[in-house]
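Below: the structure, in structure tokens.
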Amino acid sequence: MFRIAASAASTGLALLIALPLLSHCNSTKPIYLEEPGWEDTGHRYLYDEDLGWRNIPGWRDGTTRGAKLHINSKGLRDREYPYKKPAGTKRILVLGDSYAWGYGVANEEAFGHLLEQNLKKTNGVHKWEVLNGGVSGYGTDQAYLWLQAEGLRYEPDIVVLAFFLVNDPENNESSVQYGLQKPVFLNTALELANVPVPTPFQEAPVIKAKVGRLELTMAILQAMDKECQNAGAQFVVMKFGRFLYPDHPKMIKFDKNFATKLGGVFQGPFLDLDAAFKSEGFSPFVLLNGNNDGHWNEFGHEQTAILLERFLREQGSIQ
Numbered sequence: 000m001f002r003i004a005a006s007a008a009s010t011g012l013a014l015l016i017a018l019p020l021l022s023h024c025n026s027t028k029p030i031y032l033e034e035p036g037w038e039d040t041g042h043r044y045l046y047d048e049d050l051g052w053r054n055i056p057g058w059r060d061g062t063t064r065g066a067k068l069h070i071n072s073k074g075l076r077d078r079e080y081p082y083k084k085p086a087g088t089k090r091i092l093v094l095g096d097s098y099a100w101g102y103g104v105a106n107e108e109a110f111g112h113l114l115e116q117n118l119k120k121t122n123g124v125h126k127w128e129v130l131n132g133g134v135s136g137y138g139t140d141q142a143y144l145w146l147q148a149e150g151l152r153y154e155p156d157i158v159v160l161a162f163f164l165v166n167d168p169e170n171n172e173s174s175v176q177y178g179l180q181k182p183v184f185l186n187t188a189l190e191l192a193n194v195p196v197p198t199p200f201q202e203a204p205v206i207k208a209k210v211g212r213l214e215l216t217m218a219i220l221q222a223m224d225k226e227c228q229n230a231g232a233q234f235v236v237m238k239f240g241r242f243l244y245p246d247h248p249k250m251i252k253f254d255k256n257f258a259t260k261l262g263g264v265f266q267g268p269f270l271d272l273d274a275a276f277k278s279e280g281f282s283p284f285v286l287l288n289g290n291n292d293g294h295w296n297e298f299g300h301e302q303t304a305i306l307l308e309r310f311l312r313e314q315g316s317i318q
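Numbering (numbering that gives the first Met the number 0), first residue to last: 0 to 318.
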């Protein structure tokens with residue numbers, strides 16, 4: 000359902016998206032969603048009336064392309080955490096789509112987990128926990144709604160949004176993505192529509208935002224920043240996606256346009272992961288080889304964890 004293969008077509012950038020197969024169950028039971036080829040990927044999700052879909056709480060011993068996958072009792076692809084932060088501990092909450100979630104790698108190989116392990120190796124002032132709040136297929140809008148309803152309950156000190164430039168803005172502008180219904184903000188005032196989200200078995204029209212995808216995305220990012228500030232957390236945007244097509248003219252133009260618009264509305268920490276990958280000399284091949292579906296392999300996650308830690312230290316966010 001959320002397997003995304005980005006392809007540079009002759010007419011520009013195109014996304015090849017597989018549509019969902021749905022398990023059959025009545026309205027009194029959970030509705031589970033499966034992606035085409037799930038026998039290979041191992042991925043299943045749960046319908047959610049507020050978010051469209053979410054991780055299946057308590058799912059143990061699953062796999063993502065053969066790598067170990069488990070979901071905790073609260074729906075995080077992570078170990079168990081109480082909402083209340085332990086004394087003497089600081090927390091980083093990672094939000095995002097399949098890249099943050101860890102498509103094709105084990106829980107212990109996703110960059111959020113690796114960041115926590117790296118932080119444990121240093122004798123810093125604080126003990127750090129890094130929580131993986133990613134959900135495969137989420138747009139920025141769904142990540143924001145989950146942050147409001149659930150994420151901030153974990154009392155994070157830093158919230159990192161893993162923002163995939165290639166399709167996150169597109170995900171935000173419609174009530175249907177990957178063949179599934181989802182909530183949608185209609186305008187920059189963030190007027191919400193399509194909630195409760197229709198089930199996969201209901202007939203429902205496609206609702207489009209009334210503003211451009213980048214304008215809407217900027218409004219959502221501003222709102223996320225404000226929510227984090229009000230909760231005493233620092234909001235960090237980590238952008239990536241151009242690494243897939245570093246020299247494609249349309250990708251270059253869109254990347255620059257995004258950076259310009261973001262700079263006009265957001266003055267907080269911004270990690271251009273594409274630029275960091277380029278500075279380190281990482282080609283798409285070394286970051287993706289073995290996954291072959293546009294998602295980072297183990298090396299890609301390892302380097303993302305290293306680069307993110309370096310950035311947060313340079314910003315003075317972690318000590």
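Don't be surprised by glycine CBs; every beta carbon is placed ideally from N, CA and C.
DSSP beta-bridge partners of residue i
i: W52; result: Y46
i: K238; result: F162, D271
i: E128; result: R90
i: T63; result: A66
i: Q176; result: L179
i: Y31; result: L45
i: K255; result: Partner(s): none; K255 has no beta bridge.
i: G95; result: A161
i: Q233; result: I157
i: A192; result: V183
Burial state of residue i (16 or more Cβ within 10 Å)
i: L306; result: buried
i: T259; result: exposed
i: I317; result: buried
i: D246; result: exposed
i: S26; result: Note on S26: pLDDT 48, under 50, position unreliable in the model; the coordinate value appears next. It counts as exposed.
i: L311; result: buried
i: R322; result: A question about residue 322 goes unanswered here, because the residues of the chain that appear run from 0 up to 318.
i: I219; result: buried
i: Y121; result: Note on residue identity: the sequence assigns Thr, not Tyr, to residue 121. Exposed, by the Cβ-count rule.
i: S72; result: exposed
i: S239; result: Inspection of the sequence shows that residue 239 is occupied by Phe rather than by Ser. Buried, by the Cβ-count rule.
i: V205; result: exposed
i: F163; result: buried
Rounded distance between the beta-carbons of residue j and residue i, thought under 8 Å
i: G87; j: G61; result: Not a contact, Cβ separation roughly 33 Å.
i: F242; j: D273; result: 5 Å
i: N54; j: I30; result: Between I30 and N54 the Cβ distance is about 14 Å, and since that is not below 8 Å, they are no contact.
i: N117; j: D77; result: With a Cβ gap of about 16 Å, N117 and D77 do not count as contacting.
When the options are compared against residue i, the one with the closest alpha-carbon
i: A161; options: T63, M237, Q314; result: M237
i: G136; options: L118, Q147, G101, N117; result: G101
i: L191; options: S174, F265, Q221; result: S174
i: V159; options: Q233, V285, L185; result: Q233
i: G138; options: G280, M223, F281, N288; result: M223
i: K207; options: N193, S282, Q201; result: N193
i: L146; options: L50, E297, F276; result: L50
Could you tell me whether the stretch 218-227 touches the stretch 153-172, where touching means 3 or more Cβ pairs closer than 8 Å? yes
Closer than 8 Å is the cut-off here; do at least three beta carbon pairs connect the stretch 121-129 with the stretch 175-188? no
Decide if the stretch 88-98 is in contact with the stretch 132-152; the criterion is three or more beta carbon pairs, one per stretch, under 8 Å apart. yes
The stretch 103-119 in contact with the stretch 295-305 per 3-pair CB rule at 8 Å: yes
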